[in-house]
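Notes follow the structure.
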Amino acid sequence: MTHDQQGTERLNFFSDGVFAILITILVLELHPPHETTFHALAALWPSGLSYAVSYLFLAIVWMNHHHLLKYAKRPAIRLVWANFAHLFTVSLVPFATAWLASSGLAGTAVAAYAFVFALVNLTYMALCAETVDRQAGSSVPTEARQFMRRRSLVTLGLFLFAVGAGYLYPVAGMAVIAICLVLYVQPGSARDAIDDAKPSSPPSALP
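191 is the number of the first residue of the sequence shown in the working numbering; add one for each residue after it.
What follows is the structure, encoded as structure tokens:
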């Protein structure tokens with residue numbers, strides 16, 4: 191393993207550790223009801239909903255982050271700082287989730303929640319530019335780059351729309367956020383587009 195490969199591996203391992211810690215913090219914000227009744231448990235639905243959405247969001251972000259770093263050939267300073275910026279915005283998710291749950295899906299909390307998602311999407315685009323555009327070179331075809339860029343711009347616009355919609359209509363804001371997540375988990379995601387576009391290695395010659 192070369193020095194550059196070791197550097198990118200360290201970057202990957204560090205990022206994986208951050209994601210693991212954030213998921214742990216997320217679940218620690220789930221508190222059982224004080225009463226042992228189903229009615230008391232049902233009253234915690236805002237906590238359950240916010241936890242489920244945030245967990246799915248972190249899972250999607252981690253998968254895309256993991257596959258982006260596969261195209262990093264060296265730990266360039268721009269890449270390192272783009273990664274730190276991305277992790278910083280992701281680290282805000284547990285706080286936004288806790289506020290959303292404690293507020294009972296209040297408009298201000300939903301707007302802040304959507305804004306954090308928009309920040310994560312924005313820094314993801316910066317990380318994508320450093321890995322796919324700057325370092326991957328011709329290994330990622332133009333079609334795949336354009337697909338990733340279009341989807342990122344669409345979801346960024348939807349997240350920003352959810353900020354305003356969520357402030358006025360919290361349920362509608364959460365619905366828009368859910369749509370953004372569906373766009374990432376359905377077949378034909380950016381991860382699949384890149385993996386499918388990767389040139390396969392030529393078959394070895396028979397002796």
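Ideal placement from N, C-alpha and C gives every residue a C-beta, glycine not left out.
Since Tyr241 contacts Thr287 with CB under 8 Å, what's their CB separation in whole angstroms? 7 Å
Quick test of your reading: Leu258 and Cys318, contact by CB under 8 Å. State the CB separation rounded to the nearest angstrom. 6 Å
For Cys370 and Thr332, believed in contact at Cβ under 8 Å, the rounded distance: Going by Cβ atoms, the distance from Thr332 to Cys370 rounds to 25 Å, so no, they are not a contact pair.
Top-ranked residue by Cα proximity to Gly197, from Ile367, Arg264, Glu219, Gly297: Arg264
What's the call for Glu320, buried or exposed, on a 16-neighbour Cβ count within 10 Å? buried
Given His276 as reference, the closest of Asn202, Ser237, Glu219 once Cα atoms are compared: Asn202
Put Tyr303 into one of helix, strand or coil per three-state DSSP. helix
Which word fits Ala365, buried or exposed, when buried means at least 16 other C-beta atoms lie within 10 angstroms of its C-beta? exposed
Is Leu343 buried or exposed, if buried means 16 or more other CB atoms sit within 10 Å of its CB? exposed
Are at least three pairs of beta-carbons, each pair with one atom in the stretch 215–234 and one in the stretch 249–257, less than 8 Å apart? no
Use the C-beta contact count for Gly378: other C-beta atoms within 10 angstroms, 16 or more gives buried, fewer gives exposed. Note that Gly378 scores a pLDDT of 41, beneath 50, so its modelled location is shaky; the value from the coordinates is reported in the next line. By the neighbour-count rule (16 or more Cβ atoms within 10 Å), Gly378 is not buried but exposed.
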